[in-house]
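**Q**
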Amino acid sequence: MKGKYSNLLLYKMYQAHRLIRRYQISNLVEWNSTETDQALEPGCTVLLGMCSKLPTLIYANLACLQKAKWDQLKAVYIIVDCQKCDLEIGTEEKVIRSFPDLNISFFYYSEQQSQQAERLKLPYLYAWMSWCIGLKHTNTQSILIHDYDALILSNTVLQQRYQKFQAQQAKVQGIEWYHKNGFRRQDRLVCTFECFLDVAWLRSFSPIELFNNVGKYEERSVDYDITLEAQARSLAPEERTIAELSQSKSDIVHPSQMIHQYTMFRKFPGAALPCYSMILLPLFSFLAGDNTAFKSATLAVYKGKETEGKGSMVWEGVTIGLSQLESHHLHWGLLQSVQALVALEVKPRKDVFDYYQALYDRVGCALTGIQHDFASDKHQQWLTEAKLSSFAALAKCEALSINALSK
């Protein structure tokens with residue numbers, strides 16, 4: 001059998017499991033004819049699913065989004081993955097007050113939605129439900145699904161993409177073709193992250209029709225991600241487009257799978273799971289205003305070194321296993337961090353170097369620079385200065401210790 005599943009029995013088993021899951025959640029989000037038939041206004045609404053267990057990430061995200069705001073951006077809808085009573089008091093008001101130019105509205109899960117999501121702890125369920133709640137309330141012709149773990153570093157890229165999306169009269173415009181779970185890039189189906197979509201087209205489907213599914217595509221067994229089945233069954237190839245970012249990906253820092261991985265570690269603390277995006281959590285906390293984030297993370301890495309293998313780190317109360325962390329993950333994570341810090345004009349910091357030094361020590365390799373093709377001279381210089389400041393601080397501490405001993 002071609003595609004994701006190697007044999008018919010396995011395919012049927014996963015297909016049945018997904019059908020049961022779809023049945024269990026089919027009534028969690030619905031929209032009625034009044035909502036789907038309403039006249040839509042020109043412009044775009046950003047839909048941003050917020051992880052209530054990592055609330056500080058919202059500030060870094062919105063600070064970058066505010067700089068990239070364009071005239072046709074009419075509103076930002078933040079959909080929180082819990083009931084309003086479960087979000088820290090004052091968070092909504094503080095966020096709205098901090099970013100007055102973004103026309104922010106908050107939406108929350110109902111009791112039923114919150115209980116089901118927390119019981120299942122499925123990352124793609126959270127994503128689907130949050131986006132559908134936002135879509136239910138949208139009154140503009142277009143939406144941008146903006147990931148919670150994405151930092152827009154270019155002030156013009158969203159405007160340029162939106163204008164291209166409108167000019168092409170496409171229904172979907174992303175930044176990458178989907179090429180996992182049995183799909184290939186040449187299928188020309190669009191990944192949902194950082195994706196512009198046509199609202200009327202999306203709401204022509206019921207919410208559950210946009211959810212993940214197991215099926216066939218061109219004789220291959222596949223696992224449809226959110227909106228992929230709708231794209232495959234209803235859109236012509238020219239209605240599915242991508243707008244590639246700069247070659248170095250310097251327009252955006254997007255760890256990808258950060259919330260997914262965090263949710264899985266909440267479900268399985270310290271387990272041997274993918275963790276490559278988890279190492280960027282301190283960056284987001286720092287950009288949200290926590291100047292001690294990198295120092296705290298460094299201590300957490302060293303504190304967790306006594307566990308098996310490459311150890312673990314505890315962050316925001318969750319034990320993150322580092323057993324699957326490899327050197328190429330660190331090269332990529334270091335680049336992402338320095339790209340963001342340089343773009344946001346943050347001066348070189350020793351605590352950033354110290355943190356990555358601790359991680360490189362955990363995987364047993366040397367930190368000799370940013371080992372990535374997309375690293376520019378400016379990025380390398382930033383890290384060099386951060387390294388020198390770290391060594392200078394160490395030398396100062398050693399000198400103070402020697403002086404103290406000589407007295």
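Just so it is clear: in the sequence shown, position 63 is 63 by UniProt numbering, and no numbers are missing.
The beta-carbon is built from N, C-alpha and C at its ideal position, and this holds for glycine as well.
#1: Can you name, in chain order, every residue of its own chain whose Cβ lies under 8 Å from the Cβ of P55, other than the five neighbours on each side?
#2: Report the option in A300, C44, L325, Q173 whose CA atom is closest to the CA atom of E316.
#3: Consult DSSP for W177 and reduce its assignment to one of helix, strand or coil.
#4: According to DSSP, is S376 helix, strand or coil?
#5: Determine whether the beta carbon atoms of I252 and A127 lie at a separation below 8 Å.
#6: Going by the beta-carbon positions, is the gap between T241 and V172 smaller than 8 Å?
#7: In the structure shown, what three-state DSSP assignment does K216 receive?
#8: Can you check the stretch 230-256 for any beta strand (DSSP E) of at least 3 residues that lies completely inside it and give the ranges in chain order?
#9: Could you pull out every unbroken alpha helix (DSSP H) segment of at least 4 residues lying fully inside the stretch 250-302, listed in chain order?
#10: Could you name the residues that DSSP lists as bridge partners for W201?
#11: Is it right to say M13 is buried, meaning 16 or more other beta carbons lie within 10 angstroms of its own, or is it exposed?
#12: Starting from Q141 and walking both ways along the alpha helix (DSSP H), at which residues does that stretch end?
#13: From the DSSP output, in three-state form, read off D361 for me.
#14: Let's test the definition: count the other Cβ atoms within 10 Å of the Cβ of A297 and tell me whether it reaches 16, buried, or not, exposed.
#15: CA-CA distance, K216 and I208?
#16: Take the Cβ of L388 as the centre, count every other Cβ of all protein chains shown within 10 Å, and call the residue buried at 16 or more, exposed below.
#17: How would you write the range of the beta strand (DSSP E) that E41 sits in, first residue to last?
#18: Can you check the stretch 44-103 for any beta strand (DSSP E) of at least 3 residues that lies completely inside it and give the ranges in chain order?
#19: Exposed or buried, which one is F353 when buried takes at least 16 other CB atoms within 10 Å?
#20: Applying the criterion that 16 or more other CB atoms from any shown protein chain within 10 Å of the CB defines a buried residue, is S6 buried or exposed?
#21: Pull up the CB-CB distance for L245 and L189, whole angstroms please, since I reckon it's below 8 Å.
#22: Taking the alpha-carbon positions, what's the L367 to L383 distance?
#23: State the start and end residues of the unbroken alpha helix (DSSP H) segment that holds V318.
#24: At what residues does the alpha helix (DSSP H) containing M313 begin and finish?
#25: On the CB-based measure, 16 or more other CB atoms within 10 Å of its CB, does Y23 come out buried or exposed?
#26: Identify, in the order they occur along the chain, each residue of the same chain with its Cβ nearer than 8 Å to the Cβ of A117, setting aside the five sequence neighbours on each side.
#27: With H, G and I counted as helix, E and B as strand and the rest as coil, what does DSSP make of C195?
#28: In this structure, how does DSSP classify G182 when only helix, strand and coil are distinguished?
#29: Cβ of residue 413 within 8 Å of Cβ of D147?
**A** In this structure, then:
#1: Taking P55 as the centre and dropping the five residues before and after it, the same chain places the C-beta of L87, E88, T91 closer than 8 Å to its C-beta, in chain order.
#2: Per the C-alpha coordinates, the member of A300, C44, L325, Q173 positioned closest to E316 is A300.
#3: W177: strand per DSSP, three-state reduction.
#4: In the three-state scheme derived from DSSP, where H, G and I count as helix and E and B as strand, S376 is classed as coil.
#5: Taking 8 Å as the Cβ cut-off, I252 and A127 do not qualify as a contacting pair.
#6: A contact, by the Cβ cut-off of 8 Å.
#7: In the structure shown, K216 sits in a strand (DSSP, three-state: E or B).
#8: Within the stretch 230-256, the complete beta strand (DSSP E) segments of 3 residues or longer fall at 240-242, listed in chain order.
#9: Segments of the alpha helix (DSSP H) lying fully in the stretch 250-302: 258-267, 281-287.
#10: Bridge pairing for W201: absent [DSSP].
#11: A residue is called buried once 16 or more other Cβ atoms fall within 10 Å of its Cβ, and M13, having fewer, is exposed.
#12: Per DSSP, Q141 lies in no alpha helix (DSSP H); the unbroken beta strand (DSSP E) holding it starts and ends at 140-145.
#13: In the structure shown, D361 sits in a helix (DSSP, three-state: H, G or I).
#14: With 16 or more Cβ atoms within 10 Å of its Cβ, A297 is classed as buried.
#15: Those two C-alpha atoms are separated by around 18 Å.
#16: By the neighbour-count rule (16 or more Cβ atoms within 10 Å), L388 is not buried but exposed.
#17: Note, E41: beta strand (DSSP E), 41-50.
#18: Fully enclosed beta strand (DSSP E) runs of 3 or longer: 73-80.
#19: Counting Cβ neighbours within 10 Å, F353 comes out buried, since at least 16 surround it.
#20: That one is exposed.
#21: Not quite, the Cβ-Cβ distance comes to about 19 Å (not below 8 Å), so this is no contact.
#22: Taking the straight line from one Cα to the other gives about 10 Å.
#23: Going by DSSP, V318 is part of no alpha helix (DSSP H) but of the beta strand (DSSP E) stretching over 318-321.
#24: No alpha helix (DSSP H) holds M313; the beta strand (DSSP E) holding it covers 312-315.
#25: With fewer than 16 other beta carbons inside 10 angstroms of its own, Y23 counts as exposed.
#26: Closer than 8 Å at Cβ, skipping near neighbours: D81, Y109, L125, Y126, M129.
#27: Of the three classes helix, strand and coil, the one that applies to C195 here is strand, per DSSP.
#28: Here G182 carries a coil assignment [DSSP, helix/strand/coil].
#29: The first residue shown for the chain is 1 and the last is 407, placing residue 413 beyond what the model contains.
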